[in-house]
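Participant: Here it is, the structure in full.
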Amino acid sequence: MPVLYISTNVSLDGIDLQPIFSQATTALASIIGRPEANVMVLVKGSVPISFYGTKEPAAFAELLSMGGINSDVKRRLISVVGGILEEHLSIPTTRFFCHVVNVASSKL
1 MPVLYISTNV SLDGIDLQPI FSQATTALAS IIGRPEANVM VLVKGSVPIS FYGTKEPAAF
61 AELLSMGGIN SDVKRRLISV VGGILEEHLS IPTTRFFCHV VNVASSKL
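This note's numbering applies: residue 1 is where the sequence shown begins, and numbers increase by one.
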(Lines of atoms letter the chains of each structure in order from A and count residues from 1; the text may use other names and numbers.)
(Lines give C-alpha, C1' and ligand atoms only; values in the text may rest on other atoms or scores of the structure.)
Protein backbone atom coordinates (compact mmCIF):
# COMPACT_ATOMS: atom_id res chain seq x y z
CA MET A 1 0.00 0.00 0.00
CA PRO A 2 1.64 3.26 -1.07
CA VAL A 3 1.31 5.95 1.58
CA LEU A 4 1.97 9.64 0.93
CA TYR A 5 2.40 11.89 3.97
CA ILE A 6 2.39 15.62 3.17
CA SER A 7 3.22 18.27 5.77
CA THR A 8 3.05 21.95 4.93
CA ASN A 9 3.30 25.27 6.71
CA VAL A 10 0.30 26.51 4.71
CA SER A 11 -2.95 26.80 6.68
CA LEU A 12 -5.53 24.43 5.24
CA ASP A 13 -8.50 26.26 6.77
CA GLY A 14 -11.07 26.82 4.06
CA ILE A 15 -9.13 24.88 1.41
CA ASP A 16 -10.91 22.08 -0.43
CA LEU A 17 -8.47 19.18 -0.05
CA GLN A 18 -10.48 16.75 -2.18
CA PRO A 19 -8.66 17.68 -5.42
CA ILE A 20 -5.31 17.06 -3.70
CA PHE A 21 -6.46 13.69 -2.40
CA SER A 22 -7.98 12.56 -5.68
CA GLN A 23 -5.17 13.79 -7.95
CA ALA A 24 -2.43 12.41 -5.70
CA THR A 25 -4.22 9.06 -5.34
CA THR A 26 -4.69 8.72 -9.09
CA ALA A 27 -1.10 9.75 -9.83
CA LEU A 28 0.46 7.40 -7.26
CA ALA A 29 -1.65 4.46 -8.38
CA SER A 30 -0.86 5.07 -12.02
CA ILE A 31 2.86 5.73 -11.66
CA ILE A 32 3.59 2.98 -9.11
CA GLY A 33 1.18 0.49 -10.67
CA ARG A 34 -1.11 -0.15 -7.72
CA PRO A 35 -4.91 0.04 -7.45
CA GLU A 36 -6.26 3.40 -6.25
CA ALA A 37 -8.08 1.54 -3.46
CA ASN A 38 -4.66 0.69 -1.97
CA VAL A 39 -3.27 4.25 -1.91
CA MET A 40 -3.36 6.39 1.24
CA VAL A 41 -2.76 10.16 1.24
CA LEU A 42 -2.44 12.24 4.41
CA VAL A 43 -2.18 16.04 4.43
CA LYS A 44 -1.31 18.08 7.50
CA GLY A 45 -1.24 21.88 7.45
CA SER A 46 0.06 24.68 9.67
CA VAL A 47 3.20 22.68 10.46
CA PRO A 48 6.12 24.93 11.46
CA ILE A 49 8.57 24.59 8.55
CA SER A 50 11.64 26.62 7.70
CA PHE A 51 13.08 25.85 4.27
CA TYR A 52 16.12 27.62 2.82
CA GLY A 53 16.06 29.85 5.88
CA THR A 54 12.56 31.26 5.35
CA LYS A 55 9.06 30.38 6.43
CA GLU A 56 7.50 31.07 3.02
CA PRO A 57 5.02 28.38 1.86
CA ALA A 58 6.81 25.02 1.74
CA ALA A 59 6.05 21.33 2.02
CA PHE A 60 7.74 18.10 3.00
CA ALA A 61 6.41 14.76 1.81
CA GLU A 62 7.34 11.19 2.46
CA LEU A 63 6.20 8.43 0.17
CA LEU A 64 6.44 4.84 1.36
CA SER A 65 5.76 1.96 -1.00
CA MET A 66 6.42 -1.75 -0.88
CA GLY A 67 7.93 -2.15 -4.32
CA GLY A 68 7.26 -0.30 -7.52
CA ILE A 69 9.91 2.38 -6.93
CA ASN A 70 12.90 2.99 -9.18
CA SER A 71 14.73 6.19 -10.13
CA ASP A 72 12.36 7.01 -13.03
CA VAL A 73 9.27 6.40 -10.89
CA LYS A 74 10.78 8.49 -8.10
CA ARG A 75 11.41 11.45 -10.44
CA ARG A 76 7.90 11.25 -11.88
CA LEU A 77 6.27 11.04 -8.45
CA ILE A 78 8.17 14.03 -7.09
CA SER A 79 7.32 16.07 -10.18
CA VAL A 80 3.61 15.22 -10.10
CA VAL A 81 3.15 15.71 -6.35
CA GLY A 82 5.06 19.00 -6.52
CA GLY A 83 2.78 20.16 -9.32
CA ILE A 84 -0.34 19.23 -7.35
CA LEU A 85 0.88 21.21 -4.33
CA GLU A 86 1.79 24.18 -6.50
CA GLU A 87 -1.63 24.16 -8.17
CA HIS A 88 -3.77 23.77 -5.06
CA LEU A 89 -1.68 25.25 -2.23
CA SER A 90 0.52 27.74 -4.15
CA ILE A 91 3.69 26.05 -2.93
CA PRO A 92 6.46 26.55 -5.49
CA THR A 93 8.08 23.29 -6.60
CA THR A 94 11.40 24.78 -5.47
CA ARG A 95 10.05 24.81 -1.90
CA PHE A 96 8.96 21.17 -1.88
CA PHE A 97 11.05 18.21 -0.72
CA CYS A 98 9.96 14.60 -1.06
CA HIS A 99 11.61 11.58 0.55
CA VAL A 100 10.72 8.40 -1.35
CA VAL A 101 11.21 5.06 0.41
CA ASN A 102 10.93 1.68 -1.24
CA VAL A 103 10.13 -0.53 1.75
CA ALA A 104 11.27 -4.15 1.48
CA SER A 105 8.58 -6.64 2.49
CA SER A 106 11.05 -8.21 4.90
CA LYS A 107 11.09 -4.91 6.86
CA LEU A 108 7.36 -5.13 7.65
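Ideal Cβ placement from N, Cα and C applies to all residues, glycine included.
If you're wondering where the values come from, they're calculated on a predicted model, not measured in any experiment.
Which of helix, strand or coil does DSSP assign to residue 11?
Facilitator: Three-state result, residue 11: coil.
Participant: For the beta strand (DSSP E) containing residue 41, name the first residue and the last one.
Facilitator: Taken as a continuous stretch (DSSP letters only), the beta strand (DSSP E) holding residue 41 covers 40-44.
Participant: Please give the ranges of any beta strand (DSSP E) in the region 13-90, keeping only runs that are unbroken, at least 3 residues long and fully inside the region.
Facilitator: List check, beta strand (DSSP E) in window: 40-44, 59-65.
Participant: Mind checking residue 19: buried by the 16 CB within 10 Å criterion, or exposed?
Facilitator: Exposed is the call here.
Participant: Rounding to the nearest angstrom, what Cα-Cα distance links residue 69 and residue 21 in this structure?
Facilitator: Cα to Cα, the separation comes out at about 20 angstroms.
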